[in-house]
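Just so you know, we're using our numbering here: the sequence shown kicks off at 108 and counts up by one. Please read the structure below before turning to the comments.
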Amino acid sequence: MNVLKSKRSQFRRLFTKTLNDLEKSELDLSIDERILKLRLIEEKAKSMLEMEETYREELIKTENNETIINHEFDESECYIDKWGIGESKLASLLAEKDSSSVVNESFNQNAVLRYPKLKLPTFDGNIKNWLGYWGQFKKIDTDPNLDDHYKFAYLLQSMEKGSSAEELIKSFPPGGETYSKVLQQLQSRSGKEDLLIEVYVRGLLSLVLLKNSQQKFSLRKLYDNLESKLRALEVLGVDRDKYAAMLYPLVESSLPDDTLIAWQRFRAINRGHRETESSEPNDKKESTHSMVLDGFLLFLLDEIEGEKRASIATKCFTEYQSPKPWNTKHVGFKNRVEFTQAPSASTLIATSEKNPNACIFVLEFTNLVISLKLERCHPRKGKKLFRTVAVASYA
């Protein structure tokens, strides 16, 4: 009994010490630090409570004095009450921390989810634009929480102004009762699967016809057109495994000649792999055309990537070598003066002579010789005659 009493006193001492330390510095600690301190007190309180229970049981068995028993139980209850207060503090701190974290998370979520407002897609009645329009408006149509009146308003708002589709919607009386009829009529005009399949197959045929025309597409645009039409056919239920034998020749014929030759060369290199595939059972042969079509599209992607890499490799050298072209939109280019003859020092001489090729030094020397001869022949009239000859020579 004395051993249990000494153990109990030690557990009480450790519990009281940690609890007093918390009470002294509680105001200077943050919420997380107080929670950590209370967690340590909780561990010591568990050991103390277990020892208190063990000591009580032994006390009842060995002690007959009721006064001693009451005193020991009163002391034990004081320590139990102290831990009850500490436990309530721990629960309140945990609740405060959870509420603050929830507020912060909700604030962060509201800040992140502030997306720009989306505009309704518009439909102009063209059957080619039906899949893109219906893929977005279908969410409104299948919303169970939205009334048919609002669905009709959204449907009318999503029609392009002045289009045949808008005229069709306006021909019905507005209201939720006519929404299903309007939508059914619109789908029968623009959303029939057989018509859509014909449109996209004819689109593939038009790519084949464009190959022989003067209009030329880049390999990137050609791939985008092919892939968009094939995806649209898949959405309409045209499975590649079933219709690849029909689609593959159309897709292949739309290629430029040099790319088609490269594709045939690529197929010839991988012929051994295809022969192993053709030796498989008949249930797997149905997807052979589909595999060829997928391989063809991957080949186009590789060609596009190769062209891009080649342009990058050549551009980094040519951009420093090639001279910059004239900026024809600049004002100086429009007002420029083109010289037919290169300017020289002769342009500085302002004379009215008819012979532009005559040299002024030769003329002066000639005049000097004439002047001397005239003075020798006619000493009195030489200067006057020289002036007459000089004026005539310059005229």
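For glycine and all other residues, C-beta sits at the position ideal for the given N, C-alpha and C. Predicted, not measured: the structure shown is a model, and the values here were computed from it.
If we ignore side chains and look at the alpha-carbon of each, how far apart do residue i and residue j end up?
i      : j      : result
PHE368 : LEU340 : Per the sequence presented here, residue 368 reads as Ile, with Phe not at that position. Distance between the alpha carbons of ILE368 and LEU340 is about 27 Å.
LEU302 : ILE419 : 43 Å
TYR338 : VAL308 : Per the sequence shown, the amino acid found at residue 338 is Arg instead of Tyr. Whole-angstrom Cα-Cα distance: 12 Å.
LYS114 : MET158 : 8 Å
GLU149 : ASN171 : 33 Å
THR174 : GLU164 : 16 Å
ILE234 : LEU329 : 21 Å
ASP248 : THR421 : 52 Å
LEU111 : SER206 : 43 Å
SER313 : ASP254 : 43 Å
SER132 : CYS185 : 23 Å
ASN109 : GLU160 : 15 Å
SER361 : GLU414 : 19 Å
GLY242 : TYR355 : 27 Å
ASN236 : LYS288 : 21 Å
GLU305 : LYS299 : 10 Å
ARG146 : PHE122 : 12 Å
GLY282 : LEU290 : 12 Å
THR285 : ASP250 : 17 Å
PHE259 : GLY344 : 28 Å
PRO280 : LEU225 : 27 Å
ASN332 : GLY310 : 9 Å
ARG416 : SER325 : 15 Å
THR169 : TYR162 : 11 Å
THR366 : ASP409 : 11 Å
LYS204 : LEU134 : 17 Å
LEU275 : LYS246 : 22 Å
ASP181 : ILE187 : 10 Å
LEU317 : ASN252 : 48 Å
Please return the same chain residues whose Cβ sits closer than 8 Å to the Cβ of residue i, not counting the five positions on each side in sequence.
i      : result
THR229 : TYR240, SER265, MET266, GLU267
ASN177 : none
ASP346 : none
TRP370 : GLU359, LEU362, PHE403, PHE406
In terms of DSSP beta bridges, what is residue i paired with?
i      : result
MET266 : PHE230
Under a Cβ-count criterion, where at least 16 other Cβ atoms within 10 Å of its own Cβ denotes burial, should residue i be classed as buried or exposed?
i      : result
ARG119 : buried
ARG141 : buried
LEU126 : buried
LEU262 : buried
ILE376 : exposed
LEU293 : buried
SER195 : exposed
LYS392 : Because the pLDDT of LYS392 is 48, which lies under 50, any placement of that residue in the model is unreliable, and the question is left without a value.
SER278 : exposed
SER295 : exposed
PRO223 : exposed
What does a CB cutoff of less than 7 Å around residue i pick up in its chain, not counting 5 residues either side in sequence?
i      : result
VAL342 : LEU238
LEU201 : ILE142
GLU179 : LEU166
TYR257 : none
PHE373 : PHE406
PHE244 : PRO228, SER265
Here's a check: name, in chain order, each residue in its chain whose Cβ is nearer than 6 Å to the Cβ of residue i, leaving out the five neighbours to either side.
i      : result
TRP190 : ALA152
ARG327 : ILE411
ASP407 : Just to set this straight, residue 407 is Leu in the shown sequence, not Asp. Closer than 6 Å at the Cβ level, and outside the excluded window around LEU407, lie TYR330.
SER270 : ASP231, GLY232
LYS144 : LEU129
SER183 : GLU159
CYS124 : According to the sequence shown, residue 124 is Lys rather than Cys. Nothing listed; no residue qualifies.
LEU136 : none
Pick out whichever of the options has its Cα sitting closest to the Cα of residue i.
i      : options                        : result
LEU357 : LYS336, ASP365, PHE373         : LYS336
GLU334 : GLN291, GLU300, GLY402         : GLY402
MET353 : LEU400, TYR261, ILE376         : LEU400
SER541 : VAL315, PRO281, GLU273         : Within the shown structure, residues of the chain are numbered from 108 to 502, placing residue 541 beyond reach of any answer.
GLU130 : GLY193, MET155, GLU160         : GLY193
SER116 : LEU404, ASP135, MET155         : MET155
ALA198 : ILE138, TYR257, LEU227, PHE244 : ILE138
ASP364 : ASP409, MET398, VAL315, LEU405 : VAL315
Does the ligand COA have a heavy atom nearer than 7 Å to the CB of residue i?
i      : result
LEU354 : With respect to the ligand COA, the structure shown offers nothing to examine, as it has no ligands at all.
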